[in-house]
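> The sequence shown begins at 79 in this note's numbering and counts up by one.
No residue lacks a Cβ here, since even glycine has one placed at the ideal position from N, Cα and C.
Please see the structure below; I have some questions.
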Amino acid sequence: MSNERILDTLRAPHISEKAARLAAHNQYVFVVAPTATSADVKAAVEQMFDVKVEKVNLVNTKGKAKSFRFRSGARQGKRKAYVRLADGQTIDVGTAP
79 MSNERILDTL
89 RAPHISEKAA
99 RLAAHNQYVF
109 VVAPTATSAD
119 VKAAVEQMFD
129 VKVEKVNLVN
139 TKGKAKSFRF
149 RSGARQGKRK
159 AYVRLADGQT
169 IDVGTAP
């Protein structure tokens, strides 16, 4: 997998309280491309962070409904990947190679 494809697949780590709790259990959360598959995410994480991925779960989140002045609209939704690593392996999501 090329570096451009990896960077397109993995957009950013998702930082939240839930993600911090999951990191203690070897599970990390990333915002991924809308067209990314579980196999794409697994290959990208394994190549970028040099770890062994056990499982990948993908979740599509709906954008929030917002209004500006008298117009209603919606924010764009996201696709998140929950990545479980093998025992004994960790990722420092603050520093990516």
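Looking at the structure shown, is Gln125 part of a helix, part of a strand, or coil, going by DSSP?
Translated into the one-based positions of the sequence shown, residue 125 becomes position 47. The answer is helix: DSSP assigns Gln125 an H, G or I state.
> Tell me the DSSP bridge mates of Val171?
By 1-based counting over the sequence shown, the position of residue 171 is 93. Paired residues: none, contrary to the question.
> Do you know how far the Cα of Ala101 is from the Cα of Lys74?
Residue 74 lies beyond the residue range present for the chain, which begins at 79 and ends at 175; the question has no answer from this structure.
> With DSSP as the reference, please indicate the residues paired to Val134 in a beta bridge.
Residue 134 sits at position 56 when you count from the first residue of the sequence shown. In DSSP, Val134 forms a bridge with Val161.
> Have a look at Gln167 and Phe148 and give me their C-alpha separation to the nearest angstrom.
Here residue 167 is taken as the residue at index 89 of the sequence shown, counted from 1. Here residue 148 is taken as the residue at index 70 of the sequence shown, counted from 1. So the two alpha carbons sit approximately 50 Å from each other.
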